[in-house]
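First up is the structure itself, then whatever we jot down about it.
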Amino acid sequence: MSVAPAAGRLTEAPSEFTDEHVSASACPACLAAPSAEDLARSGDIKGARLILSLPTAHCAVCISDVERALHRHPGVRSARVNLTLKRVSVDAEGTVGADELIKTLDGIGYEAHELDPGLLSATETDRRGRDLLMRIGVSGFAMMNIMLLSISVWSGAEDATRDLFHWISAAIALPTVAFAGQPFFASAWTSLKAGRLGMDVPVSLAIILASSISVFETMNHGHHAYFDAAVMLTFFLLVGRYLDYRTRAVARSAAEELAALEVPRATLLRDGAEVVVPVNELAPGDLIRVRPGARIPADGEVTEGTSETDRSLLTGESLPVYAGPGSKLNAGEVNLTGPLTLRVIAAGKDSALHRMADLVAMAESAKTRYTSLAERAARAYSPLVHILSFTAFGVWMWLTGGDLRFAINISAAVLIITCPCALGLAVPAVVTAASGKLFRKGLLIKDGTALERLAEVDTVVFDKTGTLTMGTPRPENLDALSAEEFGVAAALASGSSHPLARAIHDAAQAQALAVPRLEDIREVPGYGVEGRWNGQVVRLGRADWLGAEAGAATATHLRIGTAHPVTIRFADQLRPGAAEAVSALSAQGKRVFLVSGDVEGAVSALAERLGIENWHAGALPQEKVALVNDLTAKGARVLMVGDGLNDTAALAAAHASISPASALDAARTASDIVLLGQDLAPVADALRVAVQARRRIKENFAISIVYNIVAVPIALIGLATPLAAALAMSTSSITVSLNSLRLK
Numbered sequence: 001m002s003v004a005p006a007a008g009r010l011t012e013a014p015s016e017f018t019d020e021h022v023s024a025s026a027c028p029a030c031l032a033a034p035s036a037e038d039l040a041r042s043g044d045i046k047g048a049r050l051i052l053s054l055p056t057a058h059c060a061v062c063i064s065d066v067e068r069a070l071h072r073h074p075g076v077r078s079a080r081v082n083l084t085l086k087r088v089s090v091d092a093e094g095t096v097g098a099d100e101l102i103k104t105l106d107g108i109g110y111e112a113h114e115l116d117p118g119l120l121s122a123t124e125t126d127r128r129g130r131d132l133l134m135r136i137g138v139s140g141f142a143m144m145n146i147m148l149l150s151i152s153v154w155s156g157a158e159d160a161t162r163d164l165f166h167w168i169s170a171a172i173a174l175p176t177v178a179f180a181g182q183p184f185f186a187s188a189w190t191s192l193k194a195g196r197l198g199m200d201v202p203v204s205l206a207i208i209l210a211s212s213i214s215v216f217e218t219m220n221h222g223h224h225a226y227f228d229a230a231v232m233l234t235f236f237l238l239v240g241r242y243l244d245y246r247t248r249a250v251a252r253s254a255a256e257e258l259a260a261l262e263v264p265r266a267t268l269l270r271d272g273a274e275v276v277v278p279v280n281e282l283a284p285g286d287l288i289r290v291r292p293g294a295r296i297p298a299d300g301e302v303t304e305g306t307s308e309t310d311r312s313l314l315t316g317e318s319l320p321v322y323a324g325p326g327s328k329l330n331a332g333e334v335n336l337t338g339p340l341t342l343r344v345i346a347a348g349k350d351s352a353l354h355r356m357a358d359l360v361a362m363a364e365s366a367k368t369r370y371t372s373l374a375e376r377a378a379r380a381y382s383p384l385v386h387i388l389s390f391t392a393f394g395v396w397m398w399l400t401g402g403d404l405r406f407a408i409n410i411s412a413a414v415l416i417i418t419c420p421c422a423l424g425l426a427v428p429a430v431v432t433a434a435s436g437k438l439f440r441k442g443l444l445i446k447d448g449t450a451l452e453r454l455a456e457v458d459t460v461v462f463d464k465t466g467t468l469t470m471g472t473p474r475p476e477n478l479d480a481l482s483a484e485e486f487g488v489a490a491a492l493a494s495g496s497s498h499p500l501a502r503a504i505h506d507a508a509q510a511q512a513l514a515v516p517r518l519e520d521i522r523e524v525p526g527y528g529v530e531g532r533w534n535g536q537v538v539r540l541g542r543a544d545w546l547g548a549e550a551g552a553a554t555a556t557h558l559r560i561g562t563a564h565p566v567t568i569r570f571a572d573q574l575r576p577g578a579a580e581a582v583s584a585l586s587a588q589g590k591r592v593f594l595v596s597g598d599v600e601g602a603v604s605a606l607a608e609r610l611g612i613e614n615w616h617a618g619a620l621p622q623e624k625v626a627l628v629n630d631l632t633a634k635g636a637r638v639l640m641v642g643d644g645l646n647d648t649a650a651l652a653a654a655h656a657s658i659s660p661a662s663a664l665d666a667a668r669t670a671s672d673i674v675l676l677g678q679d680l681a682p683v684a685d686a687l688r689v690a691v692q693a694r695r696r697i698k699e700n701f702a703i704s705i706v707y708n709i710v711a712v713p714i715a716l717i718g719l720a721t722p723l724a725a726a727l728a729m730s731t732s733s734i735t736v737s738l739n740s741l742r743l744k
């Protein structure tokens, strides 16, 4: 708005307009990183947010079991498993501790560990990868040796010679299967102890059946033993799990991107000496030293030294930002040029970076209708797997006249091939990949259902000042004001955080202007600011509120007592990427609206410049909400993009919403997604990626359904060996994961 119409926005924040606030808010790039703390707080984080790693979770059944157990725990408000990251995020009352939740999960057979925010899971992830590779190597080496022995049997070895080769194969195969199959056996055993039928139960049964029938054949001098098949089955199952693990690792989430910026150790100044300590041991008030090239380990205020910091990974901004005494720095920034001493404000779990990563992790794990569908299907599918397997065993025993070996092979093949792992991955793999991709483009998803809703958007409504424009307007005609008028205008402007008010306040500070003291300063929502000076009512705001004539330019108006209003005109620059965003959205077939409290001339000029046909000027906050509600009533799915207090209601009413990081706290709280950098172009990317994500989820469901329609009957009629079933099952899971990575 202009306070002509700017008043529609000059009313945006009834807060003290301190020098610190002015300095920070004048530069969206500088505000974006400090606003991380406000963003984290805006997620209504109450009580405890705990994140536990789940190294043994791997399927949709695991999701249901873990969430049900935690929901039953007293004090737990919500729990969401992120299968891709093998974590569960728990929102609980402050009295709930990680230890008791770990015991609860242990009671149902799941290993769990509290996730250290400073160290995250990179080390654990690497360890798991190395462990799988080691088991693959052992099983692969044993498999090749057993196959060499099998060639002798296939070549015609008989009686004692054949039995000897079988026993040698058994001596190699059984220890190998016991060692290499440990990930499957351990998971299956914990499931059975807890009275569940996890997805590793049928896999383990298949491996055990293949090994047992081979031992039975060898003990009874049978012609056929399948030790090579048992080891090969284990080998290919491990390869499939490792490839699945690797494809998931590629889909790095936004929460991981943020958490990867956290530093595990800091250099603490203690009695004049430097001591390296874990970040979690830092306390508010501690002094820490950060050398050039190091990442800031905690939120803090610079007490000594000057430097520049790189906030590009947090905000997307490529230009370094000055840091000196009094500057507030956030964990995750990189100190570039000089040593700094910081007084710690918050560290570890209390840092803005960690709280924001925690908030995003919860969003990534949120339930959508697709997630619920996948989980219900997987829950129903689990008992069906065993029913099909045992039915196939009984039927084939009857059809073959008691051929135990053949019936067991078919039963094992059915157990393996019907594993619904692909179904469990269908949704989380896509959500994680999409949120990570958008984060790298400068968009932070706060609400887990935002992607689903973004994919449905067909109409985009933009605010003007601070959204399509930079929100850093410059007054053009201050020389036309007397020193008295300028001083009163600056005093009134100190009562608001509207961009035009900030511009007036900045200009007054730059000229070291003496600002008079006003009484009874208050904001009038939608109109402006008023106060009393020398017994007169003074106002700064909209033209129609002050009785001034509205012009064609962005402006605010000053009126002292009964004097004629004075107009202050402003020039504002377009936000980078604004034209590209509007053009891309139009190319996607979206309707684009511009709504602003600014004057008609300024709004129409901007609309014409950007090619926006639908625009509304002079809009009050309630009129912005009315526009969104009217569009929604006509069947539109509206994305609102705004930054001010007078946009908050519209942001909340819209189907989906985005705010810049430089927006006011209330706007960021109401929005689903925060734009970290200055560039507005990623807004169009968000809609495009959301549509792609919805398409990939549907494709993943289709892949899972088609796989089972084709594979299950093949296994039931005896055309798939356990080895072929293992290859098919692994291929389906890997296909789903790879399909999720096709987001562009």
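Using the UniProt record's numbering, read the sequence shown as starting at 1 and increasing by one per residue.
Where is the CB? At the ideal position from N, CA and C, for every residue including glycine.
Bear in mind that the values here come from a model prediction, so they are computed numbers and not experimental data.
About 4 Å separates the CB atoms of Ala455 and Arg694; that is less than 8 Å, so the two are in contact. A contact between stretches requires three or more CB pairs, one per stretch, nearer than 8 Å, and the region 606-620 fails this requirement with the region 478-496. Look at the region 617-641 and you find these whole runs of alpha helix (DSSP H), each 4 residues long or longer: 621-633. Pro475 and Gly338 have their alpha carbons spaced roughly 36 Å apart. Less than 7 Å separates the beta-carbon of Ile417 from that of Met729. Annotated as proximal: Gly718 and Ile410, with beta-carbon spacing under 7 Å. The beta-carbon separation of Ser732 and Ala429, rounded to 13 Å, does not stay under the 8 Å limit for a contact. Around the Cβ of Trp398, a 10 Å sphere holds fewer than 16 other Cβ atoms; the residue is exposed. Per DSSP, the beta bridge partners of Ile560 are Val538. With respect to Ser169, Ile146 sits close: the two C-beta atoms are nearer than 7 Å. Ranked by Cα distance from Thr267, the first of Asn220, Leu340, Leu639, Leu164 is Leu340. Separation of the CB atoms of Leu585 and Ala684 is rounded to 5 Å, and the pair is thereby assigned contact status at 8 Å. Annotation for Leu631: Thr459, Val638 place their beta carbon closer than 6 Å to its own, counting only its chain and skipping 5 residues before and after. Between Val457 and Leu687, the gap from beta carbon to beta carbon is short of 7 Å. C-alpha of Thr303 to C-alpha of Arg80: approximately 41 Å in a straight line. One thing to note: Leu209 has its Cβ within 7 Å of the Cβ of Ala412. Bounds of any beta strand (DSSP E) do not take in Asp106; it lies within the alpha helix (DSSP H) bounded by 98-107.
Rounded to the nearest angstrom, the gap between the Cα atoms of Arg162 and Phe227 is 13 Å. Lys698 is not bridged by DSSP to any residue. The straight-line gap separating the alpha-carbon atoms of Gly466 and Arg453 is approximately 24 Å. For Trp615, the pairing in a beta bridge is given by DSSP as Leu594.
In the three-state reduction of the DSSP assignment, Ser732 falls in the helix class, which pools H, G and I.
Annotated as proximal: Met470 and Arg575, with beta-carbon spacing under 7 Å.
The residue from Pro175, Leu404, Gly528, Ala715 with its alpha-carbon nearest to that of Gly495 is Gly528. Rounded to whole angstroms, the gap between the alpha carbons of His221 and Phe236 is 28 Å. Every unbroken stretch of the alpha helix (DSSP H) spanning 4 or more residues and falling wholly within the region 290-353 is given here in chain order: 312-315. Here DSSP, grouped into helix, strand and coil, assigns Ile504 to helix.
Distance from His505 to Ala493 at the Cβ level is roughly 5 Å; contact confirmed, criterion being Cβ atoms closer than 8 Å. Short of 8 Å from the beta carbon of Ile296, and not among the five residues preceding or following it, lie these beta carbons of its own chain, in chain order: Val263, Val290, Thr309, Leu329, Asn330, Ala331, Gly332, Glu333, Val334, Asn335, Leu342.
In this structure, Val344 places its C-beta atom within 7 Å of the C-beta atom of Ala298.
Between the beta-carbon of Asp520 and that of Gly531 there is about 6 Å, and that keeps the pair under the 8 Å contact cut.
In terms of CA proximity to Ile568, Gly541 leads the group Gly541, Ala607, Ile709.
For the pair Ala142 and Thr176, the CB atoms are nearer than the 7 Å cut-off. Taking the CA atoms as reference points, Met219 sits about 34 Å from Pro383.
In the DSSP annotation of this structure, the continuous segment of the beta strand (DSSP E) that includes Glu530 starts and ends at 528-533. By DSSP's assignment, Ala79 forms a beta bridge with Val90.
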